[in-house]
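The numbering of the sequence shown is UniProt numbering, which starts it at 1 and goes up by one. For glycine and all other residues, C-beta sits at the position ideal for the given N, C-alpha and C.
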Amino acid sequence: MHPQILCSGSSASVASRRIRSTLGAVLGRNGWMWKTHEVKLHKTSSGDSLKIGEIIYKLKTPKNPELVPVKHILDSPPQAVAHHLRWILQKDLLGQDMFLIGPPGPLRRSIAMQYLELTRREVEYVALSRDTTESDLKQRREIRSGTAFYIDQCAVRAATQGRVLVLDGLEKAERNVLPVLNNLLENREMQLEDGRFLMSATRYDKLLQEHTKEVLDSWKIVRVSEDFRVIALGLPVPKYKGNPLDPPLRSRFQARHISYLPFKDQLELLYKVGTNVASERISQLLAAATTLCSQESSSIGLPDFPVDNLLPALQVLNTFPVMSSQQLVQRLYPYSNMLNKEGCTAVEGVLSRFELMDGHHIPAPSSVLSVGSSSDLEGHADVTLHVADKDITFQVPAGTKPLNPNKRSSNFISTPSHSQLIAEMIQSHMGKDMCVIGPKGCGKSVVAREFAELLGYSIEPVMLYQDMTARDLLQQRYTLPNGDTAWRPSPLVNAAIEGKLLLLDGIHRVNQGTLAVLSRLLHDRELDLFDGTRLMRWDRYQTLKEQLQFTDQQLQERSILPIHPSFRVLALAEPPVVGASTNSKNSQQWLNAELLPMFLYHSVTPLAKAEEMDLILGLAQSLASSLSTRQLLRICHRLSHYPNESITHAVNKACLSRFLPRLARAALDRGLDRSSIHDTVESDESVDLSCIVKDGVLTVGSVSAPVYNPSLKIKVPDVLFFNNPQHLKVMEDMLKDFLLGEHLLLVGNQGVGKNKIVDRFLQLLNRPREYLQLHRDTTVQTLTVQPSVQNGIITYEDSPLVKAAKFGHILVVDEADKAPTNVTCILKTLVENPSEAEGRTNTIVLHPDFRMIVLANRPGFPFLGNDFFGAMGDIFSCHSVDNPKPTAELSMLKQYGPDVPEATLRKLVAVFGELRSMADQGTITYPYSVREVVSIVKHLQKFPHEGLANVVSNVFDFDSYNKDMREVVYEVLHKHGIPVGAKPTSVKLAKELPLPQIEMTGHWTINHGGNDSRKLLCPTEKHLAEIKGPVFLRVQSYPCRRQESRALTFGEEKAHWQIPINESNIICDVKTRDDVLYVATCNPVALYSMREHGDTIKYVDLYDVFPKTISGVWQPCVTIAPLGSPLDGQVVLHEEQTNTVLHVDLVTGAVRRLMLSPHTDPPYTKASSWWNSKEQQGGHKMCHEFAHKNWLLFYKEYSNQLEMLDVLKAQVHTSLASHQVEVCVSGSRGPLAFTGEHYQ
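This is the structure in structure tokens:
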């Protein structure tokens, strides 16, 4: 507030004067004024000095000038920066350590480096992370010529040499690590591991007055320089993620809040960069950015806007003034990828307020027209983009390879969306490193490779994982052949020195604290390594070389190396989980305020349907449904080589639909139906597969492959394997993908034969195998090297993975789901980028015969592993391995137990099949497998006299302490006749009743006297039966829940089950034929059929043939006659009241009516119900004793007419008896008809 704006004598003037007089003592003489501080360097004969405002600092000549920061000072620093520099100078003169606290971004570090450059102070910089230990700060032990030495680290070097120690990221360090510096900060004292003791300059100088330096050296006392200072850089916690400062550590610092530059200062900097951009537009962008950094935006959960990235973004906008402001904001602040609906609405509201929502009106660059080497600027390329009907040419950094715009990758099919994405990436490439965000399999890696190819970059891929440390990222420690320790630069460091495109794949997985060590590299292009090597930005390196008049060799001897000017970083990531907490264990919301300033962001959207079709036609020349693009291409590639294969099978295989939850599986089936994708091939059961090796060629089903001739045959598996159709089908599918060059992933429950299938597959192909079993503690290092000690020297041997890659063996990775997915994700590089290492030194070129076969359990409970398929399934060709079907399982068990009774094997197959079905339905949790059945059969084969109930307990005793599980399992076992828990005394037989003594009650005699011709007085007529129909009825199937009755007790009842009848149904007749049981019911009439040991009940509803009538009127009574060969499975039904004869085929559902008499049906007469009739009525009867010969006898009680039906020939033989027939039974030569006193 300025007094000049207040009218003299007014009430406002009086109030202002009172406030100034009250607060003057607190605010100082100029408390209400913003005082301007100038930064000046004065050179005099007595020495140079620095003046900031009224404070003067006498400059000293540095002992190691190469450690002084270079080219950090701005030409005219903003006043806000000058104020911060003045404060740091004050604290430096007071001998106090400083803590610069503020929001994420490079501003705090930049101010510290500007001060150190102004004061010509040497710097020791260390970026703290969760992996920082005491040895990284004090002393690290190294081995030289077999002897261990302690090497001073940054804190000790800074203290003894009088340098400034810059600690960046205090909130990233683990608790109880930084307190090791407490005494050094407070008293300038520290005890070192090599026995030396650091002592403050004041105390040391006092001792030096009493003792000589040699004595102090013998006491191992080292003087701490009075110029030693510490500048700490950190974020405020808890607003940002990290560990809060330890109170004793915090109390030793003087804090300075460094927020973003004031609006005016920031606007002036942007005006200097964006000379071609309207000033109003720049102010609108800055106003929106400032609003999104306000306290109000933070209160509703919006991360801070990366204000520091406005400068590189303005460079892009300055070259492309027609560019949409909204598109530029999306690159700086990708709110649509990281915020929920409410957050996006809030951000768009801010953009609308400042008139920045112009994304729908201004088109984005559509394509790259040309790329060529720049003649004006070395290391750059001239790129022409087509933007809004204009061709704009500009210069961007290029790689070290010669540009060849006509050379395009054969694996890249240009689509409009990908062409636009590459054009936008080249725009952003002008000013800053980039991050490409997109879901799995959408083409991020392909776009990155095409981008590098266009600009002549060599790619250095680095796969990131969750437990990656800063050492893994920057430098790895290793042992020389003589036992000495040394540091090996990582691919990241090599890429920076050689000017490559560093591809950071998976930044969403890596810990945020580890990634923070790259902040200085991304913002300032500087990096300090663990061995003391410093990497400097190219222009700063050249300036340093000119100032010091050093050669490259001299700077290299001082461990200073330049970063190539072409070096760029391109990060790949999956979209953050919207709404997830940034503090979640898996860091699903990885895109936060700390990471936003590091990159410009681009999103890869899923391809449109037309683009995806063009891509498929260009790469696979085939069609498929819409999955992820990577899976889609794999399916089409396979279908192009095997066109007769079912698309449904290919899609289900890619999605592992066998293990999907019910709702997801139903959604997939509906999607396939909507896309008109149906099976067009025969089912697996109808195909008889074979496996033959002949003349050096393996044939599995319809696929053939040459047998390999390995040099190391000892590693070819040799396994006992019994063929079954289901496993052969899996091997046939595996062989198809294997011939197409795919890496395989087999997923299934435990014990289903995954290892057996793979070993048999490799045995048939004669391929050597390298085996690698993963577990919870598997790390990236154990996947690649195996340390061992030989003659006291640590040596690193190749892991099975490296051996397989070298020699072209098959790498079998077992239990892949047990290792953390952030570790196994490094396999993605082997699968996707097999040729990236070609032509480089110190690399292993993958053998062309190398393949990976990965085995994993299905995701979800009760398996305790990780979701390997969800994390990396789409980069493999997936195969689901299930338990064999009952027929195949029975065939396999017969081979394991040839002497075990087949009835026992059938019981075991039925029991385990039902338990697996219950596991799929969620009734039980444990999925019983083939492995357990095979173990039981092996036991029974070796010890045949041991009871089945005792042997199965070897498997089911795990469930004996779980009451609910035990009851379910025992119920299934008892149902199938396995007497678990039965006692020898559990015998319940019916009571025996003695029969009376046999007595003669009468006899019959055959009268041979008289006229023997009387037996020929039976005239017979023959005619064809009239057949009506057929009418096809529906044959329904119901599950048969057969319960063995002799599981717990022994009795006459063998088994029982229930047929699905209603309460009103009445059973009319029951007949058996071989092992088939037929049941006829009435009210209404229905026919049931079931096998004794079957699992289904067939049901035919005959209501339309025998309609239900009103009570008290006719009710049908039906009898059954099962027919014999060749009419097996067919029956004849006979209704006694109306003499209706039906022929029913239970296979097809065909029903035919057989008219025995040539005349029409007899008229129906009403009668009382057949079960209530008290009057003797003569009904029609059927004699079925000779139905197995396909002929039946029909007669009517108290009538003399007999009709013999030959069902096979449809002939009826009619004869008249001499007397009325009461009953007809079977005899040894045919039916016998009895009258009251005679028989015929």
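Would you say the region 341-349 touches the region 307-314, given that touching needs at least three Cβ pairs under 8 Å? As far as the Cβ criterion goes, the region 341-349 does not touch the region 307-314, which means the pair count is below three.
Taking all protein chains shown into account, do 16 or more other C-beta atoms lie within 10 angstroms of the C-beta of Asn857, making it buried, or fewer, making it exposed? Under this definition Asn857 is a buried residue.
Quick check on Ser686: does DSSP put it in helix, strand or coil? For Ser686, the pLDDT reaches just 47, beneath the cut-off of 50, and the residue's location in the model is therefore unreliable, although a value from the coordinates is still provided. DSSP places Ser686 within a helical segment (H, G or I) once states are collapsed to three.
Compute the beta-carbon to beta-carbon distance between Met1182 and Thr1119, rounded to the nearest angstrom, for a pair I have assumed lies under 8 Å. With a contact defined as Cβ atoms closer than 8 Å, Met1182 and Thr1119 qualify at about 6 Å.
Just to confirm my understanding: we take Leu940, look at its own chain, exclude 5 residues before and 5 after, and list those with CB closer than 8 Å. What are they? So the list reads Gly897, Val900, Thr904, Glu946, Leu948, Val951, once near-sequence residues are dropped.
Quick one: Cα of Leu501 to Cα of Thr400, how far? Here the alpha carbons of Thr400 and Leu501 stand approximately 10 Å from one another.
Within the region 956-996, ranges of the alpha helix (DSSP H) (whole runs, at least 4 residues): Segments of the alpha helix (DSSP H) lying fully in the region 956-996: 963-975.
Count the other CB atoms, across all protein chains shown, that sit within 10 Å of the CB of Ile560; report buried if there are 16 or more and exposed otherwise. It counts as buried.
Look at the alpha carbon of Trp1171 and the alpha carbon of Ile1066, and state the distance between them as a whole number of angstroms. Any reading at Trp1171 must be qualified, since the residue scores a pLDDT of 44, below 50, and its modelled position is unreliable; the value itself is stated next. Going from the Cα of Trp1171 to the Cα of Ile1066 covers about 11 Å.
Given 8 Å as the limit, is there contact between the region 98-114 and the region 61-77, that is, 3 or more CB pairs closer than that? Output reads yes: the region 61-77 touches the region 98-114.
Backbone secondary structure at Gly922 - three-state DSSP: Gly922: coil per DSSP, three-state reduction.
Cα separation between Ala1150 and Leu1123? Note on geometry: alpha-carbon atoms of Ala1150 and Leu1123 lie some 15 Å from one another.
Looking at the structure shown, is His1188 part of a helix, part of a strand, or coil, going by DSSP? Looking at His1188 - three-state DSSP - the assignment turns out to be helix.
Assign Asn954 to buried or exposed, taking buried as 16 or more other Cβ atoms, counted over all protein chains shown, within 10 Å of its Cβ. Residue environment analysis places Asn954 among the exposed positions, since fewer than 16 neighbouring C-beta atoms fall within 10 angstroms of its C-beta.
Quick one: Cα of Lys713 to Cα of Pro489, how far? If I take the Cα positions, the gap works out to 38 Å.
Whole-angstrom distance between Gln295 and Asn183, CA atom to CA atom: The straight-line gap from Cα to Cα measures roughly 37 Å.
Pairwise C-alpha distance: Leu689 and residue 1283: For the chain, the structure presents residues 1 to 1240; residue 1283 sits outside this window and is missing.
Inter-residue CB distance, Ser799 and Ala470 (contact presumed, cutoff 8 Å): About 23 Å separates the beta carbons of Ser799 and Ala470, which is beyond the 8 Å limit, so they are not a contact pair.
Proximity to Gln191 [Cα-Cα], best of Ala155, Glu210, Val215: If we check each option's Cα against that of Gln191, Ala155 comes out closest.
Would you mind stating whether Gln326 and Asp358 have Cβ atoms separated by less than 8 Å? Yes, Cβ-Cβ distance for Gln326 and Asp358 is below 8 Å.
Taking 8 Å as the cut-off, does the region 800-807 touch the region 746-761 (at least 3 CB pairs, one atom from each stretch)? Too few Cβ pairs lie closer than 8 Å, so no.
Rounded straight-line distance, which links the Cα of Lys545 to that of residue 1260: The requested residue 1260 does not occur in the structure, where the chain is confined to residues 1 to 1240.
Rounded straight-line distance, which links the Cα of Asp1128 to that of Gly977: C-alpha separation (whole angstroms): 29 Å.
What does the Cβ neighbour count give for Ala666, buried or exposed, with the cut at 16 atoms within 10 Å? Classification for Ala666: exposed.
Tell me where the beta strand (DSSP E) around Met434 begins and ends. Looking at the DSSP string, the run of the beta strand (DSSP E) that includes Met434 is 434-437.
Unbroken beta strand (DSSP E) run spanning Val789, endpoints: DSSP places Val789 inside the beta strand (DSSP E), whose first and last residues are 785-790.
Tell me whether the region 231-245 and the region 591-598 touch, counting them as touching only if at least three CB pairs, one residue from each stretch, are closer than 8 Å. Pairwise C-beta distances place the region 231-245 in contact with the region 591-598, as three or more of them are shorter than 8 Å.
Counted within 10 angstroms of its Cβ, other Cβ atoms place Leu328 as buried (16 or more) or exposed: The residue is buried, with at least 16 neighbouring Cβ atoms inside 10 Å.
Residue from Leu720, Gln79, Val823, Leu740 whose Cα sits closest to the Cα of Lys264: Measuring from the Cα of Lys264, the nearest candidate turns out to be Gln79.
Taking buried to mean at least 16 other C-beta atoms within 10 Å of its own C-beta, is Arg674 buried or exposed? With fewer than 16 other beta carbons inside 10 angstroms of its own, Arg674 counts as exposed.
One question on the structure: do Val493 and Leu474 come within less than 8 Å of each other, judged by their Cβ atoms? Judged by their CB atoms, Val493 and Leu474 are nearer to each other than the 8 Å cut-off.
What would DSSP say about Ala127, mapped onto helix, strand or coil? Here Ala127 sits in strand by DSSP.
Pick helix, strand or coil for Pro248, following the three-state DSSP scheme. Here Pro248 sits in helix by DSSP.
Rounded to a whole number of angstroms, what is the C-alpha to C-alpha distance between Thr821 and Lys272? So the alpha carbons of these two residues sit roughly 47 Å apart.
My understanding is that Ile300 touches Ala346, with C-beta atoms under 8 Å, so please give their C-beta distance in whole angstroms. Ala346 and Ile300 do touch by the CB rule: their CB atoms are close to 6 Å apart, below 8 Å.
DSSP three-state assignment for Gln547, whether helix, strand or coil: Three-state result, Gln547: helix.
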